[in-house]
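Residue numbers (our numbering): 9 to 776.
Note that the Cβ used here is the ideal one computed from N, Cα and C, for glycine as well.
If you're wondering where the values come from, they're calculated on a predicted model, not measured in any experiment.
See the structure below:
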């Protein structure tokens, strides 16, 4: 339809368009008419082509669908046949070697021939590649030779290193090593010339190499990395002894770049130069750190991208590691020299080592995150050596003891910088302990760390003894409210704060790890000890063997003796001693408090309680508190204020609670247990004790119901009406144990039966 109608519409369309243009005043020509007619013809041809393509697509889709369907049917048929074959094979059994030995001989022959073919294929590959490398080197096609070598090395790493063919492995290793040495010799020479062109190491900021030199430098870096030996940096176990000298070579380009630096470092710091002054270790530390800061950007720009891609190793970390090892050799040579170094220089080198390790850790942190690798711990590598470790311990101990002497000699040692804060000496002492912990945390081996823990335990014990001596010296001058009690409070507060700090440290992962390690040591020692004991019991000639084995045990038995049992924590023994000192100070303080309160209480107890009448008590609307009790309340009030001024509030509350418990017993023994009370005397007793002393403790959140059990139980007994009192007396006198306990529990009386009976008898209004 479209083919027949389009020729009739086309002229009509062109003529009508031309007429419209003429009506609009546009001049037309024969050429315009021809162009329009051609464009219309092209459009019609395109529409026809489109229709043909659509028809072809439909036909193809139908054909493809049929083909896919046929393929699926074939696959399904094949799968069914395969399934049948598998089921058949499952039902059938392979013949045994005895039934058909020839079958198995053929299989073994095929396997042997296959392995032989693979073996000779590899040998042929090695030989061919080696010949091609040699030919390329003769033709000065260095890049092509390196590509072939890189291919050979990759095949060796992937397929040959794990094979059991020792001769093939040895042959390939020798071939690879030969070409590696030849190629390295060539590439290293080119690399050194380019480094000089770039001004390495002293003129890199002023050098101006050309673009051609930059391009050649990049190619040379890639080539030298490809001919480098494989580098694997894995972290060694902290339980393995560290070695100052590392046999592992750095990445080849880094090793080449280190040569001029090593020459300069050796010239300045290993010879008798001004810069090699042994009393100035900071000079060579500063030189290494300067090279690290100034030269690393060059390596990070030019070498790092290629080293990470080609070898998966960070060239920046390799460079820092090489500088660190060079510094390790210098420090070790100075500390181990025959002349030796004095303690001051030793301490200075130690400080520089710690600072250097901190700076290195921060400097390469990002690079280590990108390419995880291992760099030797500077402090641990040097000072894990037994002689240096023991000297470090001795110097550390001497410095800490000197610091303790200065602290205790200070006139402001026991002053508090702020009202709620600790004494000055507490902050200083904890700072010293933290300082020691921070320093020895750089050691890797737990056994070395535990030796410093033992030093800390010694310092803690020394601090405790000094606190005890200070407290005793203050108490020797006699007790007075203005001096001795205050120093009691401040010293007790100091001991408590140190104890709390130790308890909080025990739960930290750092100390938990050391606790676990020490527990294992103690368990092993126990096993050895048990084995020795059993041997003593079973063998008659045990003495010879005992001497041999005991030497192993005795050498470590007392190594961590001061730390003690760590089943409850690393500082459990020190905490226990601190608690004992705290209890001693508190007990003597309580005795002093009771001595102060004793005089007014005894005067109060001497009142004629059995004869007190209501008129002598109630002169006003409310009974007055006795003057003796007022003195007691005043003493308690002053003591509580002094407690809160001299120690932390939480500790002060604990002491006030302890004071309440002792005061309860003191009042009961002096006032209550020794007297008989009339009805009016009970009213006075309630006013003086309950409304006076006990009420005063509510201000400090101390519940009298908990700490004044004797006084409150006494008041319940004395204030009972006669009938209940007589009934209780009869129950306690004649009743069984269960009924007696039930009666006392119902009345909330926390006393023994005999004491309750005596208190009931102390009432003058009761006759038994």
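Identity of the residue in 752, 482, 440 and 453 nearest residue 465 by Cα: Here residue 465 is taken as the residue at index 457 of the chain shown, counted from 1. Closest option to residue 465, Cα to Cα, is 440.
Straight-line gap, residue 341 to residue 653 (C-alpha atoms, nearest Å): As a first step, residue 341 is located in the chain shown; it is residue number 333 there, counting from the start. As a first step, residue 653 is located in the chain shown; it is residue number 645 there, counting from the start. One C-alpha to the other measures close to 56 Å.
Beta-bridge partners of residue 685, as assigned by DSSP: Against the chain shown, residue 685 aligns to sequence position 677. Note: residue 685 sits in a beta bridge opposite 771.
For residue 431, the residue or residues it bridges with in DSSP: Here residue 431 refers to the residue found at position 423 of the chain shown. Per DSSP, 424.
Classification of residue 231 by the beta-carbon crowding that lies within 10 angstroms, buried from 16 upward: One-based indexing of the chain shown puts residue 231 at position 223. When all chains shown are included, residue 231 counts as buried.
Alpha helix (DSSP H) segment containing residue 416, residue limits: Sequence index remark: in the chain shown, residue 416 carries index 408 (1-based). Per DSSP, residue 416 belongs to the alpha helix (DSSP H) from 394-417.
DSSP three-state assignment for residue 373, whether helix, strand or coil: Here residue 373 is taken as the residue at index 365 of the chain shown, counted from 1. For residue 373, the secondary structure class from DSSP, reduced to helix, strand or coil, is helix.
8 Å CB neighbourhood of residue 613 in its chain, flanking five on each side removed: As a working note, residue 613 is residue 605 in the chain shown. Cβ within range, chain order: 678, 679, 682 and 683.
Close-in-space but distant-in-sequence residues of the same chain around residue 270 (CB under 8 Å, 5 per side omitted): Position 262 of the chain shown, counted from the start, is the residue given in the question as residue 270. Within the same chain, residue 270 has close Cβ partners 334.
Close-in-space but distant-in-sequence residues of the same chain around residue 385 (CB under 7 Å, 5 per side omitted): Here residue 385 refers to the residue found at position 377 of the chain shown. Hits under 7 Å: 365, 450 and 452.
Residue nearest to residue 510 in terms of C-alpha spacing, selected from 445, 117 and 387: Reading the chain shown from its first residue, position 502 is the one you call residue 510. Checked all of 445, 117 and 387; the closest Cα to residue 510 is 445.
Three-state secondary structure (DSSP) of residue 456: Translated into positions along the chain shown, residue 456 becomes position 448. Reduced to three states, the DSSP call for residue 456 is helix.
Burial state of residue 77, where buried means 16 or more other Cβ atoms lie within 10 Å: As a position in the chain shown, residue 77 is number 69, starting the count at 1. With fewer than 16 other Cβ atoms within 10 Å, it is exposed.
Validate contact between the stretch 453-473 and the stretch 392-406 using beta carbons, cut 8 Å, 3 pairs: yes
Residue 496 vs residue 597 beta-carbon contact at 8 Å: In the chain shown, residue 496 corresponds to position 488, counting from 1. In the chain shown, residue 597 corresponds to position 589, counting from 1. Yes; because the gap between Cβ atoms is below 8 Å, this pair is in contact.
Inter-residue Cα distance where the pair is residue 618 and residue 473: Walking along the chain shown from the start, residue 618 turns up at place 610. Walking along the chain shown from the start, residue 473 turns up at place 465. One C-alpha to the other measures close to 52 Å.
Option nearest residue 142 by Cα separation, candidates 184, 126, 111 and 167: Translated into the one-based positions of the chain shown, residue 142 becomes position 134. Considering only alpha carbons, the answer is 184.
Limits of the alpha helix (DSSP H) - the one that residue 632 falls within: Here residue 632 refers to the residue found at position 624 of the chain shown. Following the DSSP letters along the chain, one finds residue 632 in no alpha helix (DSSP H), marked with neither H nor E.
Own chain, CB closer than 6 Å to residue 697, minus 5 neighbours either side, in chain order: In the chain shown, the residue the question calls residue 697 occupies position 689. 719, listed in sequence order.
CB of residue 689 within 8 Å of CB of residue 638, strictly: Residue 689 sits at position 681 when you count from the first residue of the chain shown. Residue 638 sits at position 630 when you count from the first residue of the chain shown. In this structure, residue 638 does not lie closer than 8 Å to residue 689 by Cβ.
C-beta contact flag for residue 502 and residue 430 at 8 Å: Counting from one through the chain shown, the residue named residue 502 turns up at place 494. Counting from one through the chain shown, the residue named residue 430 turns up at place 422. Contact flag set, yes.
C-alpha gap between residue 202 and residue 389, whole angstroms: Position 194 of the chain shown, counted from the start, is the residue given in the question as residue 202. Position 381 of the chain shown, counted from the start, is the residue given in the question as residue 389. So the two alpha carbons sit approximately 35 Å from each other.
Among 138, 577 and 228, the one whose alpha carbon lies nearest that of residue 314: Taking the first residue of the chain shown as position 1, residue 314 is located at position 306. It is 228.
Span separating the alpha-carbon of residue 164 from that of residue 157: In the chain shown, residue 164 corresponds to position 156, counting from 1. In the chain shown, residue 157 corresponds to position 149, counting from 1. Cα to Cα, the separation comes out at about 10 Å.
Stretch pair the stretch 321-328 + the stretch 277-296: three plus CB contacts closer than 8 Å: By the C-beta criterion, the stretch 321-328 is judged not to be in contact with the stretch 277-296, since fewer than 3 inter-stretch pairs fall below 8 Å.
C-alpha distance - residue 199 paired with residue 261, whole-angstrom precision: The count along the chain shown starts at 1 and reaches residue 199 at position 191. The count along the chain shown starts at 1 and reaches residue 261 at position 253. Roughly 8 Å separates the two Cα atoms.
Three-pair Cβ contact test at 8 Å for the stretch 744-751 versus the stretch 656-674: no
Distance between residue 65 and residue 45 (C-alpha atoms, nearest Å): Position 37 of the chain shown, counted from the first residue, corresponds to residue 45. Position 57 of the chain shown, counted from the first residue, corresponds to residue 65. For residue 45 and residue 65, the distance between alpha carbons rounds to 31 Å.
For residue 602 and residue 504, believed in contact at Cβ under 8 Å, the rounded distance: As a working mapping, residue 504 is identified with position 496 in the chain shown. As a working mapping, residue 602 is identified with position 594 in the chain shown. Rounded, the Cβ-Cβ distance is 22 Å, inconsistent with contact.
Whole-angstrom distance between residue 83 and residue 95, CA atom to CA atom: Within the chain shown, residue 95 is the residue found at index 87, counting from 1. Within the chain shown, residue 83 is the residue found at index 75, counting from 1. So the alpha carbons of these two residues sit roughly 18 Å apart.
Completely contained alpha helix (DSSP H) runs for the stretch 680-729, where each covers 4 or more residues: 687-693, 712-715 and 717-726
Proximity of residue 608 and residue 640 at Cβ, strictly below 8 Å: For this step, residue 608 is matched to residue 600 along the chain shown. For this step, residue 640 is matched to residue 632 along the chain shown. Yes, the Cβ-Cβ distance between residue 608 and residue 640 is below 8 Å.
Boundaries of the alpha helix (DSSP H) in which residue 207 is found, first to last residue: Taking the chain shown and counting its residues from 1, one reaches residue 207 at position 199. Run containing residue 207: none; DSSP gives neither H nor E here.
Limits of the alpha helix (DSSP H) - the one that residue 284 falls within: As a first step, residue 284 must be located in the chain shown, where it is residue number 276. It is not in any alpha helix (DSSP H) - residue 284 carries neither H nor E in the DSSP assignment.
Residue 180 versus residue 127: straight-line alpha-carbon distance, rounded: Here residue 180 is taken as the residue at index 172 of the chain shown, counted from 1. Here residue 127 is taken as the residue at index 119 of the chain shown, counted from 1. Computed Cα separation, rounded: 12 Å.
Proximity below 8 Å, CB of residue 463 to CB of residue 405: Translated into the one-based positions of the chain shown, residue 463 becomes position 455. Translated into the one-based positions of the chain shown, residue 405 becomes position 397. Yes, Cβ-Cβ distance for residue 463 and residue 405 is below 8 Å.
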